[in-house]
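Participant: Supplied in structure tokens, the structure appears directly below.
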Amino acid sequence: MQIKAAESTPVRIDASRFAVFWQSFRKNPAGPVGFWMLVFVIIIAIFAPWLTPYEQSSSASVGVADIYQPPNAEHWLGTDDAGQDVFTNFIYGARISLFVGFFAAFISIVIGGVFGLVAGFFGGRWETFLMRFTDVMLVIPDLPLMVVIVAITKPSIMNIILVIGILGWTTTARVVRSQTLAVKSRKFVLRARAIGAGKRHIVTRHILPLVMPILVVQAVLAISLAILNESALAFIGLGDPSALSWGQMLNYAFGRGAMSAGAWWALVVPGFGIVWVVLALTLLGQGLEQVLNPRLDTHHLMPGRPKVGGQAQGGALPNDVILDVRNISIHYINDGSPPARAVENISFSLRKGELMGLVGESGCGKTTLMLALLKLLPAAGQIVNGNVYYKGKDLTSMNEDEINQIRWSRISIIFQGAMNALNPVRTVGDQIAEVILKHEPNFPKPRLTDRVNELLDLVGIASDHREHFPHQYSGGMRQRAMIAMALACNPDVVIADEPTTALDVMIQAQILQLLNDLRKKLGLSVIFVTHDLGVVAELCDKALVMYGGMTAEYADVDVTYNSPKHPYTQELLKAFPDLTKPKKKLSAIPGYPPRLDSLPPGCRFAPRCPAAFDRCQREEPALHKIESGHFASCHLLEASK
Amino acid sequence: MTIKQFEKFLEVRGLKKYFEAGRPTLFSREKSLIHAVDGVDLNLRRSEIIALVGESGCGKSTLGLLLMGLESPTDGKVIFEDRDITHLNDDQRKDLRRKIQMVFQDPYESLNPTQTIEQILTEPLLVHHIGEHDQERSERVIKAMEDAGLKPADVYLQRYPHELSGGQRQRVVIAAALVLEPEIIIADEPVSMLDVSIRAEVINLLADLRIKREIAVIFITHDLGSVGFFADRVAVMYLGRIVEIGAMLEVLEKPQHPYTKALLSVIPAPNPRLRHERIILQGDPPNPINIPSGCRFHPRCPAAFDMCKLSDPPMMTLTKSHKAACLLISSGK
Chain E
1 MQIKAAESTP VRIDASRFAV FWQSFRKNPA GPVGFWMLVF VIIIAIFAPW
51 LTPYEQSSSA SVGVADIYQP PNAEHWLGTD DAGQDVFTNF IYGARISLFV
101 GFFAAFISIV IGGVFGLVAG FFGGRWETFL MRFTDVMLVI PDLPLMVVIV
151 AITKPSIMNI ILVIGILGWT TTARVVRSQT LAVKSRKFVL RARAIGAGKR
201 HIVTRHILPL VMPILVVQAV LAISLAILNE SALAFIGLGD PSALSWGQML
251 NYAFGRGAMS AGAWWALVVP GFGIVWVVLA LTLLGQGLEQ VLNPRLDTHH
301 LMPGRPKVGG QAQGGALPND VILDVRNISI HYINDGSPPA RAVENISFSL
351 RKGELMGLVG ESGCGKTTLM LALLKLLPAA GQIVNGNVYY KGKDLTSMNE
401 DEINQIRWSR ISIIFQGAMN ALNPVRTVGD QIAEVILKHE PNFPKPRLTD
451 RVNELLDLVG IASDHREHFP HQYSGGMRQR AMIAMALACN PDVVIADEPT
501 TALDVMIQAQ ILQLLNDLRK KLGLSVIFVT HDLGVVAELC DKALVMYGGM
551 TAEYADVDVT YNSPKHPYTQ ELLKAFPDLT KPKKKLSAIP GYPPRLDSLP
601 PGCRFAPRCP AAFDRCQREE PALHKIESGH FASCHLLEAS K
Chain C
1001 MTIKQFEKFL EVRGLKKYFE AGRPTLFSRE KSLIHAVDGV DLNLRRSEII
1051 ALVGESGCGK STLGLLLMGL ESPTDGKVIF EDRDITHLND DQRKDLRRKI
1101 QMVFQDPYES LNPTQTIEQI LTEPLLVHHI GEHDQERSER VIKAMEDAGL
1151 KPADVYLQRY PHELSGGQRQ RVVIAAALVL EPEIIIADEP VSMLDVSIRA
1201 EVINLLADLR IKREIAVIFI THDLGSVGFF ADRVAVMYLG RIVEIGAMLE
1251 VLEKPQHPYT KALLSVIPAP NPRLRHERII LQGDPPNPIN IPSGCRFHPR
1301 CPAAFDMCKL SDPPMMTLTK SHKAACLLIS SGK
């Protein structure tokens, strides 16, 4: 079983990880701006002796005239209370402030990181103890405590660093702990244990790499906090008198009459330094967080533009066709990259009481197609061509108000994953009642409870469960509640988007039975979206098989299963286990489904198709009508005609 | 490869795992117990494939974790190659880990996103200090990758998991189990997260490994349909117990336990012309905190009679290769 790895593997990201990181880092200008601002200060600090016109503290012989000189040719930024060059002190001050910032932040990050990791990873008593300790530290206000400690100990630069470092770890500990907990519960950690890896190995190789990004962001913020704290301490006179940091400069200028002498430069210059560095670090931290924190990952999507393209001609339709979809194409317009052609030229029609299966693998565009029917596409998705007729009315040209008359009350959706679609803090009955009232505001209140009970009864939930919350329901019951909601306004069409995918076989069978009963009882038309061919065979009248956003084959289910014409349908059926022939080996389709943002040039199935020939690589096949109600898009069909 | 013959390859006797549900509160000292695994007997033969089938919450995944030693049992015994491995700690179990490996359900979650495929696959070797030098380890990694169908291996080595498709990732997970040259692979729903067109590939791969490397597989799944054609035996679990176990064909053709019959009947037909009557059990499986009296299946059983409420059916041997626990059998009805 050899797979054609070279062609079928997804796009290779050639650039190194750093390049990838830098690329996304650059997307938000805040990050790079902060980064270069910081680099600038660091360079100044490193090259201080070469940049400054005077030796630092060369004020041995100063006259009164030298004090508080305004900026001039000799002293670009003036002089201070001791007649020293402010520019020189400013540059050297950067060294002290940055040194304190980095060193103190290092201490906080190490303590916070270790506490957070230990508490998160080992849990139990360690966690209780460390986290309670953290809580206590958090409620003690940092600055007053620092003032007390520094006042008691000798205010040397090392003491100040230690105090700031030791008091600044709490946030880091909490953030690291929660990230550690999140990483620890992931399956690859369990897999590492299964391999036989010890605790140290798991922490260093599996937990730490995923905690690191958050630690980096925390570190950047800790540096700016440390610089601010040092400045504050120095400003109130608790700095190291021998280390002239920016805070110390402020302290001296303020305490020795710079204000009354009108020597603004002695205050503004060090103040500017602090603001510059803190701003740089904040911007950098924000930029890093956006790239490194997985929870803030956003897609850069452009808002959709209105529909362009032609109007299809409405042909004669049988009277009982409720929903008629004609040549619909949907593209996702992404920032910069070419549009992803998620759905291309799909047509089908749905009769009253009909159950159609929409079959396809993940990413084939089936959910996109369903969302488009009700114009519920995300901002980037747009219908670029085609029409959706509901009882003869074109939904694609309706405005938001008009479509709202149709949504849910005429065409409703049962979403995948009932767990997430229900509000956990409200009773199920409440949520069903809300749906009714939203679409029929005049619904008589006294009858509301009866109606909710009726709906619950319809889906097989006893009415005494009406007042229960979703968490008191089992998975199958939640899915039934979702169905009740979808039926709340007596719709004609129900779209069921993989309603049984996460459920067990037996519950799945219950739900399928229910849907089938309901359509018979209520005359519902159902579109059943699924990846499971077995469900379609069991339940549906018609099947639309999608592949890579296109119709592969559209026919009555009997035809789909017994005389399929498209190679994809044929291969899919061979890959489907058949218990009536148990010892038969399954045949797999080599390769993988295409990604919609990098589709092959010709037929989308060609790279995996056993019957592909030259033309398939070059040209997209058209949809061929084989007989009434049976369509397939394959070049082979044309050749055989 | 010569294989030392052991009397018992992998044997499980009366295995139980109870979890505590909630801590005792101010008002009640009573702890309720979740009977996740409640007395399982099973033996696995060398290079045999057993399908372990049941609904979610029946304890099949917990059983897998118990066999891996990732959970410790409340009671019972696990014997591997004539050695009692029930209560080994992580250190004592380290050499065993080489022989029993696990493949998890979700290939998106079970690979560390910050490691390259090469790092992921070399890691087990480093943990076990296998291989004198990088060259030797790299040979083993490449062999495992090729056996797992990742060919040519060097295309994949420097990639990260997010650059691979679901099927490829699951192959990486399998390759990571293979580098240690295990004798048993416990596969917990290894295909349920994969697309239909690539499921067959992963299942075929596991079936091939048994032939190529004589690996025994415990294939845990809720979908009897997906394993029918390649497992040697099937064990059906309900609420922490095995209720029927037997050779695959025998169980498929003559299921004895009403639960097995129901499970078989709801497997979707592969063709609309074969639509058949389905035995759809109503309701959900009972809560494993309060196991029903007598036969634990009786509240949902379409064939239950009075005795079922009172008497817990013993496992009855039907043929040499087929057993089931149902009062219909033991009472001769």
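If you read the sequences in order, they're chains E and C.
Under our numbering, the residues of the first sequence are numbered 1 to 641, in order.
Under our numbering, the residues of the second sequence are numbered 1001 to 1333, in order.
Glycine residues also receive a C-beta, built at the ideal position from the N, C-alpha and C atoms.
Could you give the residue range of the beta strand (DSSP E) that holds C/D1041?
Facilitator: It spans S1032 to L1044 - the beta strand (DSSP E) in which C/D1041 sits, taken as one unbroken run.
Participant: Going by DSSP in three states, C/F1019 sits in which element: helix, strand or coil?
Facilitator: Reduced to three states, the DSSP call for C/F1019 is strand.
Participant: In chain E, what lies closer than 8 Å to C/I1267 by C-beta?
Facilitator: What C/I1267 touches in chain E: V505, G534 and L579.
Participant: Among C/R1013, C/F1019 and C/H1035, which residue has its Cα nearest to the Cα of C/L1042?
Facilitator: That would be C/R1013, whose Cα lies nearest to the Cα of C/L1042.
Participant: Do the CB positions of C/L1033 and C/I1242 come within less than 8 Å of each other?
Facilitator: In this structure, C/I1242 does not lie closer than 8 Å to C/L1033 by Cβ.
Participant: Where does E/G476 fall in DSSP's three states?
Facilitator: E/G476 falls in the helix class under three-state DSSP.
Participant: With 16 other CB atoms within 10 Å as the buried threshold, where does E/V459 fall?
Facilitator: By the 10 Å Cβ count, E/V459 comes out buried.
Participant: Starting from the C-beta of E/L557, find all residues in its chain whose C-beta is less than 8 Å away, skip the five residues before and the five after it, and write them out in chain order.
Facilitator: One detail in the question is off: residue 557 of chain E reads as Val in this sequence, not Leu. Correct list, in chain order: G357, V536, A537, C540, D541, K542 and A543.
Participant: Please list, in chain order, all residues of the same chain as E/G271 whose beta carbon is under 7 Å from its beta carbon, the five residues on each side excluded.
Facilitator: So the list reads L250, once near-sequence residues are dropped.
Participant: Could you check what DSSP says for C/V1191 in three-state terms: helix, strand or coil?
Facilitator: In the structure shown, C/V1191 sits in coil (DSSP, three-state: anything other than H, G, I, E or B).
Participant: I'd like the span of the beta strand (DSSP E) that includes E/N516, first residue to last.
Facilitator: Here E/N516 belongs to no beta strand (DSSP E); instead the alpha helix (DSSP H) covers V505 to L522.
Participant: With respect to the beta strand (DSSP E) encompassing E/R326, which residues constitute its N-terminal and C-terminal limits?
Facilitator: Where E/R326 is concerned, the enclosing beta strand (DSSP E) stretches over V321 to Y332.
Participant: Since C/V1012 sits in a beta bridge, which residues does DSSP pair it with?
Facilitator: C/V1012 pairs with C/L1042 and C/V1078.
Participant: Suppose the cutoff is 6 Å on Cβ atoms and the five residues either side in sequence are ignored; what does the same chain contact list for E/G120 look like?
Facilitator: Hits under 6 Å: R177, T180 and L181.
Participant: Which chain C residues sit within Cβ distance under 9 Å of E/Q513?
Facilitator: Those are R1278 and I1280, listed as they occur along chain C.
Participant: Please state the DSSP three-state secondary structure of E/N442.
Facilitator: The answer is coil: DSSP assigns E/N442 none of H, G, I, E or B.
Participant: At the level of alpha carbons, what is the spacing between E/T170 and C/L1157?
Facilitator: Taking the straight line from one Cα to the other gives about 40 Å.
Participant: Taking only runs that begin and end inside the region 397 to 438 of chain E, name each unbroken beta strand (DSSP E) of 3 or more residues, in chain order.
Facilitator: If we require 3 residues or more, the beta strand (DSSP E) runs fully inside the region 397 to 438 of chain E come out as 411 to 414.
Participant: Does the distance from the CB of C/G1059 to the CB of C/V1037 come in under 8 Å?
Facilitator: Yes, the pair counts as a contact, with Cβ atoms nearer than the cut-off.
Participant: In three-state terms, what does DSSP make of E/H624?
Facilitator: DSSP places E/H624 in strand when its eight states are reduced to three.
Participant: Can you list the alpha helix (DSSP H) stretches of 4 or more residues lying completely in the region 453 to 499 of chain E, in chain order?
Facilitator: Those alpha helix (DSSP H) runs which fall completely within the region 453 to 499 of chain E and span 4+ residues are 475 to 487.
Participant: Counting C-beta neighbours from all protein chains within 10 Å, is the total for E/W50 16 or more, i.e. buried, or is it exposed?
Facilitator: Its Cβ having fewer than 16 others within 10 Å, E/W50 is exposed.
Participant: Specify, as a first and last residue, the run of the beta strand (DSSP E) that E/I236 falls within.
Facilitator: E/I236 -> no beta strand (DSSP E), and no H or E assigned at all.
Participant: I'd like the ranges of any alpha helix (DSSP H) spanning at least 4 consecutive residues and lying wholly in the region 153 to 213 of chain E.
Facilitator: DSSP runs (the alpha helix (DSSP H)) wholly in the region 153 to 213 of chain E: 157 to 167, 170 to 184 and 187 to 195.
Participant: Is it right to say E/A379 is buried, meaning 16 or more other beta carbons lie within 10 angstroms of its own, or is it exposed?
Facilitator: So E/A379 ends up on the exposed side.
Participant: Less than 8 Å between the C-beta atoms of E/D80 and E/A234, yes or no?
Facilitator: Their beta carbons are not under 8 Å apart, which means E/D80 does not touch E/A234 by this criterion.
Participant: I want to verify the contact list: residues of chain E whose CB lies under 8 Å from the CB of C/H1222, in sequence order.
Facilitator: Here the neighbours are D504 and V505.
Participant: How do the region 458 to 475 of chain E and the region 411 to 429 of chain E stand: do at least 3 beta-carbon pairs fall below 8 Å, yes or no?
Facilitator: A contact exists between the region 458 to 475 of chain E and the region 411 to 429 of chain E.
Participant: Against chain C, does E/F122 count as a neighbour if the rule is that its beta carbon must be under 8 Å from one of theirs?
Facilitator: No, no contact with chain C.
Participant: Please identify the residue among C/F1230, C/I1050, C/E1163 and C/G1225 whose C-alpha is closest to the C-alpha of C/P1107.
Facilitator: Answer by Cα proximity: C/E1163.
Participant: By alpha-carbon positions, which one of E/P607, E/R341, E/K184 and E/L288 ends up nearest to E/F21?
Facilitator: Of E/P607, E/R341, E/K184 and E/L288, the residue nearest in Cα terms is E/L288.
Participant: What does the Cβ neighbour count give for E/E402, buried or exposed, with the cut at 16 atoms within 10 Å?
Facilitator: So E/E402 ends up on the exposed side.
Participant: Under 7 Å between beta-carbons, which chain A residues line up against E/S587? List them in chain order, please.
Facilitator: As a matter of chain content, chain A is missing from the structure shown, whose protein chains are E and C.
Participant: Scan the region 1121 to 1141 of chain C for residues whose Cβ lies nearer than 9 Å to a Cβ of chain E and list them as they occur along the chain.
Facilitator: Result list: E1123, P1124, L1126, V1127 and H1128.
Participant: Starting from the beta carbon of C/Q989, find every residue of chain E whose beta carbon is closer than 7 Å, and list them in chain order.
Facilitator: No answer is possible for residue 989 of chain C: it lies beyond the span of chain C, which begins at 1001 and ends at 1333.
Participant: Compare the beta carbon distance of E/E230 and E/V150 with 8 Å and say whether it is the shorter of the two.
Facilitator: In this structure, E/V150 does not lie closer than 8 Å to E/E230 by Cβ.
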